[in-house]
Ligand SMILES: NC(=O)c1ccc[n+]([C@@H]2O[C@H](COP(=O)([O-])OP(=O)(O)OC[C@H]3O[C@@H](n4cnc5c(N)ncnc54)[C@H](OP(=O)(O)O)[C@@H]3O)[C@@H](O)[C@H]2O)c1
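In my numbering, the protein residues as written are 15 to 220.
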């Protein structure tokens, strides 16, 4: 697949390196920066607009506060394409800026209503994309969407990177997946644990 990643931070860079089965384009606010970082990582790179134009699938690897800027920049270039949304709508305090009755995932789906939007990977710490197996068990990626094709793409990418992938229902369930990531942050950063922990769904019939 032709996959663009918007944002050249931690998530953008690690995904550019891990999605090795696909053609990758790294999009940055500064096209030269995108091209330079892309070339360092062995993928294509350029501006956000170039990234949106080029791809079949676009991963939103930027902070929630940047969403409106990116939306303006890409316009209708993602119409008919798949968007993977790993965004946690965090305040600087680490709490969620929205939640309970609405979610970033639903807002992305509402504003990109001509795209297939899937919430996925938001509860996976960035270094774990390179190392998703814990004591022999793959971490679980939960994903949710109203678009079956977008769900299939998220599941495929998760499995290709070595994760367990579980369908978590409609996009409305982003209201649950976003606080789930905050729970992970609480466990990793404010308890006796560290970042070397991940969630795994277990079941008698799976
Ligand atoms: N870090 C994690 O472990 C983790 C895990 C799960 C989910 N997430 C989510 O993934 C997203 C990215 O996280 P991250 O840790 O990779 O963040 P990061 O390291 O801070 O990088 C974010 C990137 O977004 C781009 N950006 C910043 N402001 C922007 C703006 N106004 N308009 C457009 N792009 C802008 C920048 O790339 P350019 O300078 O190239 O434009 C920046 O490098 C966040 O929504 C976060 O909640 C993160």
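Just so it is clear, CB atoms sit at the ideal spot from N, CA and C, and this is done for glycine as well.
query                                                                                                      : result
Residue 18 burial status per 10 Å Cβ neighbour count (16 or more: buried)                                  : buried
Start-end ranges of the alpha helix (DSSP H) lying completely within the region 52-116, minimum 4 residues : 62-68, 81-88
DSSP three-state assignment for residue 197, whether helix, strand or coil                                 : helix
Proximity test, residue 9 beta-carbon vs ligand 1 heavy atom, cut-off 6 Å                                  : Limits of the chain in this structure are 15 at one end and 220 at the other, which puts residue 9 out of reach.
For residue 191, the three-state DSSP class (helix, strand or coil)                                        : helix
Residue 209 - DSSP class collapsed to helix/strand/coil                                                    : coil
Residue 162, DSSP secondary structure in three states                                                      : helix
Residue 123: first and last residue of the uninterrupted beta strand (DSSP E) it sits in                   : Premise fails: residue 123 lies in the alpha helix (DSSP H), 118-125, not in any beta strand (DSSP E).
Residue environment, residue 207, which counts as buried when at least 16 other CB atoms sit within 10 Å   : exposed
Stretch-stretch touch, CB-based, cutoff 8 Å, three pairs: the region 197-217 with the region 50-68         : no
6 Å CB neighbourhood of residue 180 in its chain, flanking five on each side removed                       : 154, 156, 215
Touching by the beta-carbon criterion (3+ pairs, under 8 Å), the region 135-152 and the region 170-185     : yes
Assigned exposure category for residue 22 - 16 Cβ within 10 Å defines buried                               : buried
Whole-angstrom distance between residue 28 and residue 35, CA atom to CA atom                              : 14 Å
Contact check, residue 133 vs residue 169, beta carbons under 7 Å                                          : no
Selected residue, minimal CA-CA separation from residue 164, among 184, 151, 150                           : 184
Cα-Cα separation between residue 151 and residue 87, rounded to whole angstroms                            : 40 Å
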